[in-house]
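Residue numbers (this note's numbering), protein chains in the order written: chain A, 1 to 336; chain B, 337 to 672; chain C, 673 to 1008; chain D, 1009 to 1344.
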């Protein structure tokens, strides 16, 4: 860590900072410049820059070491490939996970599974527990939904991803789903993600709508520090001042995460923009930018979906999109 | 609800929207303008504007009725006063809740309780379960912390507020704390807040760092729809592009909430700015803007606090601040 | 326009709003619902929703007609193709405009022109007047820079785009540049853009870092209302809470603008992310999302550039990128 | 400046950075830690962290010296008091500048002047040149408006503040106004502010809606570097995701600017919230937080104002507010 003293900081102020650093277990290195004195603290302990910046005579403090370790690219320079059944996320193939927002009934999920499997998706998505902004909205079918989802997947040779919202749901999700999905609103639900760190199934962690990339990696660190290294990150749009789209999808997070971390990153253009007619463009953009996978909402009859119909693709839209994605994947050295 | 058709929408497109509205249970009222046809849908059901905005021929759709009911000012035009022991939040008095970020040990919490009680606070705050961005930071003392907090409060005639992070902690918090505090990261942890709706103790709900005021009120609606009407809202800063302060405290949320809702609203300037030297200014601003209460971090020795030391006030700073706050409260017709 | 009255609004309040609407020249249509009365105002005049929302008894007010007309897709449903010399922006081809951030000297700009022309760019970019956050940074070569830029372009069969910062520079830019570029900081410099509306050369208008898409289209409207219909819009990143990248490039603005407006839209990934190693990914994403063109910073020796070296591509990076872009363009039915 | 090398950076990479720093004129100080090597560069030159962060082996780069000098608190630790006629901005008194959004006609501005003067304002505000988002909105009366404003001010013993939008308007504003107001949209119109640096009248510089405090101070630096040290800063709300208010007023900017700079800072609650019924609360909050002055929109008949009526106070609201502000000012050791 580095502490930059103010111009004109007194010797007593400088000494107080040195003493404090030493008491925290840092070795201190002092460098006296023309304008500013800089103190470098070497040690294993993390620190909070603000704690120093409020002390007398301090101008600014800087973290040198990343606050995350296991999630850092350095930890596995070659990158992580998450293997689930016969698929690999983070490898050469771009993995498409598609399906309806919610499981609504047997017919709906079976039709969805058939549609997405035929078009080339490897995983079916579908919520059984739904986080809804309003308490009066449809909240999901619960275990029944998970059963229907599993059956539909098995019938069509697909894997399953579904959202876990709460610690008590972990066993249920563990029984039916191949990947635990953590939604954007729960990215910093630390009790939940710590518990998922104790499981031995992959966790897909969506970026919170106001989470920095560093915070996303710190949440991954929570899961990994429990011993579960199979973490898949997901960009799904952040909240900005622009209101035309539901969120602003931060496509640049894809190459940024690739540089900072060894973990795979996928993109969710359906939530990223929230409008069906923009989903295809953003899915193509994500593949062009290097995503390891996609989460796409597809419904056999979006106009009558119980949730998120506005952002679900029609079956034929999804098929056409998959054709385009295959060609773009090839341009960036990948396959679908 | 209102659906505005595009300029040049065909009669078939208009009819399709009318049919859809009727099938959803709305009575439809059509108004044909020079440029646009507007369809008004009357009915009890809520709807998602985006679901209509993706349909052919639709320009925009607007919600007329607020998506929250119980949290709306209309529900209790006179305003809600939450009574806890001998204090009232939402009444004439501005209630100050102060104390350390975390309970660290017996001596620390006792000293904090004495300091804040003497200066005029009515409630002691202190975390036993701490949401921390990094898994390697201090995570709180758990039940032991709650015991120490309760004892310190009782000895000094204070009430207790402490954070609940997870459903399984509800009974424990219920046993030791007078108010359940829900942190910003859990404002949309729907399982947790729905469960708190079944309790019969007040809930203080902090605004998420990226939550609109409407979303805050919808989360209050979750609690209230379970029958627990004693909800206290809390502004504690939102995330913006400005990085000098930890968050940007949205002081205007105070008068806005007062207009939209009957629920009391308090302010947390410590988290709002994250730097001790700005806390007093923001606490004064909050009272001047009409807050019903304040949450302020105070530590007997902030330089050695285990968490959030940088934003905790020194005892003498807190005493001086309370003197100023009393005078400002009087200007706006309140007392402390 | 629509004014929704509050639940319980009195007849007198409703009548006052009707009178006000009539006095402003609107025909008023009243619709009485179970909960809310809605007043529809029909007329040519624009209005500000907030002006009604502060009146007694009003719940909300909604604009029905877009505040922009000439920039709206309705105005030219087929889309606008801006023709400049032998190129077309908004047609089948994706036009690449590339070159250094600033013109630094004759050798530098000549080398840049040769590099970008050979790789397939049609327009050379290069600033002679530079908006710099600090008054102590390099501010550009002025007219000398424009001369060098023009010569380098002509020698390599390129067109020229360069930034105009101020009304007095318009004649100079008009003499040397084929397109007037208006930077993000000047998108709402109304005196400047109104003056550009009187010119008869194309204007490329960059989106301000905090501008909504609607505001971007309103600024285009300023130019068009002066009679200059050759406006090219440009997405170059917006400011969000994420600090890892210089800005957050809003790729979804590309399909959104295509829907709302007939004007061509291009993307500037160099400013969008601010880091060389992310530019290629974002350029590919832009083409995949349907951009009509690209602005890319390329320098023969970025490590010694006088400005924006960190986001300028090396020559070989640009050539490799152009190869990828050509293939992606083909997937979306375009050429480069 | 400090450059932190990545874990595992090679000796060649480190040496390349050292060479580069030396070639830029820095003295370099190397500090080898357990994990990271840190290079400190000492020298007068400013640098752009991103330029180093894209180089091989570099983890991060940090500016130590603030990029602004003249605007920094260090430059005048005692603070700047701007004297204009018989008033002082930045001294003990909180200066209130009030009046309509736009000058509309003689009667209107005279009535406004009388109202605000009687209530205790010292300066009248009123726009003659108006930056409007739409080209179809009222754009101001121009010179005639300035004449009317000056006459109304003189008759009532007030000073004048009015907005300058463009270099060519500087002489006109100089002839009629006592303070040049630069609007939020022009905060980074560098040609304009550089030109104002050559004038010898105070400049009030409004913070751009997406400008960081550092950028605001850099724009002040532009004015000051021309020799005009009488700069008054103004917080008027920033753009965030919250849409209920027009902007989010960043009250914390007041104490932050006080710490970083010696320049006075005033607050504009009218633009900060955009709704009349929130203006009083935010004006009180600003004084409680330590503002040096206020800009408040007041109109004798806001319902018929040609611009910004929704945020203009009625005369009696302004008088009541002034009474409250006087009392709050006294609590923080100021007067009005």
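Beta carbons: idealized from backbone N, C-alpha and C, even for Gly.
Since this is a predicted model, take the numbers as computed values, not measurements.
N- and C-terminal bounds of the beta strand (DSSP E) containing residue i
i: residue 571 of chain B; result: 567 to 571
i: residue 795 of chain C; result: 795 to 797
i: residue 83 of chain A; result: 82 to 84
i: residue 205 of chain A; result: 203 to 206
i: residue 294 of chain A; result: 293 to 297
i: residue 759 of chain C; result: 759 to 761
i: residue 1010 of chain D; result: 1010 to 1013
Residue i versus the options, residue with shortest Cα-Cα distance
i: residue 803 of chain C; options: C/784, C/777, C/835 and C/789; result: C/835
i: residue 42 of chain A; options: D/1051, D/1044 and D/1050; result: D/1044
i: residue 948 of chain C; options: C/984, C/930 and C/831; result: C/984
i: residue 190 of chain A; options: A/230, A/178, A/218 and A/210; result: A/218
i: residue 1301 of chain D; options: D/1083, D/1016, D/1133 and D/1317; result: D/1133
i: residue 1113 of chain D; options: D/1251, D/1313 and D/1334; result: D/1313
i: residue 536 of chain B; options: B/567, B/546 and B/520; result: B/567
i: residue 821 of chain C; options: C/783, C/750 and C/897; result: C/783
i: residue 680 of chain C; options: B/402, B/390, B/410 and B/348; result: B/410
i: residue 496 of chain B; options: B/548, B/644 and B/432; result: B/432
i: residue 737 of chain C; options: C/994, C/787 and C/674; result: C/674
i: residue 186 of chain A; options: A/257, A/204, A/84 and A/327; result: A/204
i: residue 653 of chain B; options: B/623, B/360 and B/617; result: B/617
i: residue 208 of chain A; options: A/319, A/243, A/268 and A/325; result: A/268
Extent of the continuous alpha helix (DSSP H) run through residue i
i: residue 59 of chain A; result: Counting along the chain, residue 59 of chain A falls outside any alpha helix (DSSP H), though it belongs to the beta strand (DSSP E) covering 58 to 62.
i: residue 685 of chain C; result: 683 to 695
i: residue 372 of chain B; result: That residue, residue 372 of chain B, is in no alpha helix (DSSP H); it is neither H nor E in DSSP.
i: residue 737 of chain C; result: Unbroken run through residue 737 of chain C: none, as it is neither H nor E.
i: residue 322 of chain A; result: 315 to 331
i: residue 951 of chain C; result: 948 to 960
i: residue 386 of chain B; result: 385 to 389
Status (buried if at least 16 other CB within 10 Å, exposed otherwise) for residue i
i: residue 1181 of chain D; result: buried
i: residue 1298 of chain D; result: buried
i: residue 691 of chain C; result: exposed
i: residue 1165 of chain D; result: exposed
i: residue 363 of chain B; result: exposed
i: residue 90 of chain A; result: buried
i: residue 48 of chain A; result: buried
i: residue 345 of chain A; result: Missing from the structure shown is residue 345 of chain A; chain A here goes from 1 to 336 and no further.
i: residue 811 of chain C; result: buried
i: residue 1007 of chain C; result: exposed
i: residue 1094 of chain D; result: exposed
i: residue 223 of chain A; result: buried
i: residue 915 of chain C; result: exposed
Beta-carbon contacts of residue i that lie in its chain and below 6 Å, excluding the five residues immediately before and after
i: residue 285 of chain A; result: 251
i: residue 1089 of chain D; result: 1096, 1098 and 1099
Cutoff 8 Å; reference residue i; Cβ partners in own chain excluding five residues on either side
i: residue 519 of chain B; result: 467, 499, 501 and 542
i: residue 1121 of chain D; result: 1107, 1132, 1160, 1161, 1163, 1164 and 1166
i: residue 927 of chain C; result: 961 and 962
i: residue 882 of chain C; result: 910 and 911
Considering only residues of the region 1103 to 1188 of chain D, which uninterrupted beta strand (DSSP E) runs meet the minimum length of 3 residues and lie entirely inside it, listed in chain order? Entirely contained in the region 1103 to 1188 of chain D, the beta strand (DSSP E) runs reaching 3 residues are, in chain order, 1103 to 1107, 1131 to 1133 and 1167 to 1171.
What ranges does the alpha helix (DSSP H) occupy inside the region 1216 to 1280 of chain D, keeping only unbroken runs of at least 4 residues that lie completely in it? You should have 1221 to 1232 and 1261 to 1268.
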